[in-house]
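Residue numbers (our numbering): 7 to 176.
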């Protein structure tokens, strides 16, 4: 909450369901946001107001190239092994948080969370819903697959071919 002007935040998994909202909330509060995503999702991240970078090996160098002033905070929404790089970028495990890498959090001393204060969460949810309703926030796509295509859905999801949330329907 509040004004985050002057803060540089890395959101790992910026094109995913949680990352899309995290980027937009941080941008709305004045933060400079760097969002990691796969090569095919770079334009999506840019459209959210973040500077996109490709995740994976070499992440630290790519982020430093677009943020020579340094990184203040990091938020891992993907859980795909970037937590060590996020700690390197921020300089401290207490400047990173993850919702997706419990083992990495334990190893590195990073906070793992599945939620915060219920009252604050309710206010944040109401704010996000209002922003979606009036068009200030973009949402992720919902891609449906018939139940009999569950195997294809899983394969598409694992290989980054689902540009949002995946739902199996009867």
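Glycine included, each C-beta is placed from N, C-alpha and C at the ideal position.
If you compare the alpha carbons of 12, 24, 13 with that of residue 171, the shortest gap goes to 24. Selection 79, 104, 80, 13 evaluated against residue 121 yields 104 as nearest (Cα-Cα). Taking 9 Å as the cut-off, the beta carbon of residue 61 is found closer than this to the beta carbon of residue 84.
Counting only the Cα atoms, residue 139 lies some 23 Å from residue 39. Considered as a whole, the stretch 90-116 harbours 102-104 as its complete beta strand (DSSP E) runs of no fewer than 3 residues, in chain order. Beyond the five residues adjoining it in sequence on each side, residue 175 comes within less than 8 Å, by CB distance, of 150, 151, 152, 153 in the same chain, given in chain order. In the DSSP annotation of this structure, the continuous segment of the alpha helix (DSSP H) that includes residue 65 starts and ends at 65-72. In the DSSP annotation of this structure, residue 36 is not part of any beta strand (DSSP E), being labelled neither H nor E.
By the neighbour-count criterion, in which a residue is buried when 16 or more other Cβ atoms sit within 10 angstroms of its Cβ, residue 21 is buried.
With fewer than 16 other Cβ atoms from the protein chains shown falling within 10 Å of its own Cβ, residue 74 counts as exposed.
Comparing C-alpha distances from residue 77 to each of 173, 45, 98 shows the shortest one belongs to 98. In the three-state DSSP reduction, residue 78 falls in the coil class, being neither helix nor strand.
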